[in-house]
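Taking numbering that gives the first Met the number 0, the leading residue of the sequence shown gets 0, the next gets one more, and so forth.
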Amino acid sequence: MAKKLHIKTYGCQMNVYDSARMAELLAPLGYAPGDTPEDADMVILNTCHIREKASEKVYSELGRLRRIKDSRAADGSGMVIAVAGCVAQAEGEEMLRRAPFVDIVLGPQAYHRLPEMVARAHRAGADTGDGILDTEFPVESKFDHLPARTAPEGVSAFLSIQEGCDKFCTFCVVPYTRGAEFSRPAAQILEEARTLVAGGARELTLLGQNVNAYHGVDRAGGEIGLGALVRRLADVEGLARIRYTTSHPRDVDDALIAAHGEVPALMPYLHLPVQSGSDRILAAMNRGHDAAAYLRTVERLRAARPDLALSCDFIVGFPGESDADFEATLELVRTVEYAQAYSFKYSARPGTPAAALPNQVSVAVKDERLARLQALLGEQQMAFNRACVGRTLEVLFERPGRHAGQLVGRSPWNQAVHVTAPDHAIGDMAEVVIETCESHSLGGRLSEDLPDGGDAMERLSA
Ligand code: 5AD
Ligand code: SF4
């Protein structure tokens, strides 16, 4: 009988991608996906360390798992608990001390060794207290050791092309938990892209903590940047849409801007975090750019691709942020006009330089600033969505909607679009007349009838 593997994923798309790869890696060992930890033979918590109380949340989830593991031990069935991701990397041995019932603690660079660790955990038997720890940053790349992709991912799939970060923003744990920047070779990425497309993907989102710092090698041994990689991916037959996330403003180069203007498959939507609109705060954050440089980059991107919509990350209440600094952030938001954005209260991450800075901002001030910023960003998002009503947009259908007979797809600008359409249209791209909008989605109707039944990919290549 197949053993059940339950993976709980926290945080970014990178973790979603890593969880999918871990599931693929464990399939040959007889593990099939399970929905709940209660009846799982193995549970992996794939953790995120980016914001507040991350470790505490993991320990409290582990407390819950311990009770399940204890009751499973009582009926003799046993359960392997693994903690992966950035909290595992940051906590390391401390985690095995605090939670000795955890069998495996593995950092993001060690996933390819997971099957071996699971085998060792089984040999050791449950609760010997000999937890397995692997949080090294190995010299070889895990990507060279992961088997080829197997499981189809659906219409829209993630593809990790770059990992780690050398930017060392003073608030951020990523350079410590994910390690130095690493780019996968272009041939490996293209091969994975072809496999995903053969499995039904029509859209790929290229992932990396600092994805536009991508600098892989091509087949000829030369260096290739993200702009050139996007062009090569656009040639993969059957691939209709390309996105990438997350970018750093400093790494937006001419080739990438040109790709936005010239590659139709590259969607006109870009997540380009600025974090703050104040030059003083940007310097204290070690972002390596000021507000004017960010705005120039936005202008150049929009000149290349006039319908480009922007998304962003902001942090309010970074140590020393004054009212004037915060006003500068609001001013930048008014200038750019975002289609979508995420905003966070600064939270000190242990071990990062900003955590030791004086002039930490009070919770009350952070709350008030966050509310004002989110109100402005919410208005902009609503205005962007409202401007879509009455237009005809190309929508890629991804999955069934909440109501029978309805599908959910994505617009070029990554908005969710709810449309009455038959199930067989999943994987199709169709023109949709947008009729309604909410803050986080659009609604519309097919502008013309879809062809009957059949396989979406077959139709595409017909
Ligand atoms: N406090 C608040 N927000 C943070 N982020 C990263 N580190 C912190 C922190 N210490 C936010 C940034 C980043 C996003 C992924 O999370 O805005 O772009
Ligand atoms: Fe963190 Fe800055 Fe690197 Fe982004 S660029 S991952 S915020 S250090």
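Idealized CB from N, CA, C, for every residue including glycine.
All of these numbers come straight from a predicted model, not from anything done at the bench.
query: Secondary structure, beta strand (DSSP E): runs of 3+ residues fully inside the segment 135 to 169; result: 155 to 159
query: The ligand 5AD heavy atom lying under 8 Å from the CB of PRO267; result: no
query: Helix, strand or coil at PHE313 [DSSP, three-state]; result: strand
query: Beta carbon of ALA353 nearer than 9 Å to that of ALA283; result: yes
query: Residue span of the beta strand (DSSP E) that contains CYS436, given as start and end; result: 428 to 436
query: Through-space distance from ILE67 to THR35, alpha-carbon basis; result: 11 Å
query: Inside the segment 228 to 299 only - alpha helix (DSSP H) runs reaching at least 4 residues; result: 253 to 261, 278 to 283
query: C-alpha gap between LEU356 and PRO318, whole angstroms; result: 6 Å
query: LYS52 (DSSP reduced to helix, strand or coil); result: coil
query: Proximity test, VAL60 beta-carbon vs the ligand 5AD heavy atom, cut-off 8 Å; result: Per the sequence shown, residue 60 should be read as Glu rather than Val. No, the ligand 5AD has no heavy atom inside 8 Å of this Cβ.
query: contact_flag[the segment 53 to 64, the segment 15 to 35] where n(CB pairs < 8 Å) is 3 or more; result: no
query: Nearest residue (CA-CA) to ARG218, options PRO184, ALA200, GLU437; result: PRO184
query: Inter-residue CB distance, GLY91 and VAL104 (contact presumed, cutoff 8 Å); result: 7 Å
query: Those runs of the beta strand (DSSP E) which lie wholly inside the segment 178 to 210 and span at least 3 residues; result: 202 to 206
query: PHE313 Cβ short of 8 Å to the ligand 5AD heavy atom set; result: yes
query: Touching by the beta-carbon criterion (3+ pairs, under 8 Å), the segment 365 to 380 and the segment 324 to 343; result: yes
query: Three-state secondary structure assigned by DSSP to ALA125; result: Caution applies to ALA125, whose pLDDT of 47 falls short of 50 and renders its modelled position unreliable; the model cannot decide the point.
query: Own chain residues within Cβ distance below 6 Å of ALA233, not counting five before or after; result: VAL262, ALA264
query: Simplified DSSP assignment, three categories, for HIS5; result: strand
query: Near the ligand SF4: ASN209 beta-carbon under 8 Å from a heavy atom; result: yes
query: Continuous alpha helix (DSSP H) stretch holding ASP324: start and end; result: 322 to 335
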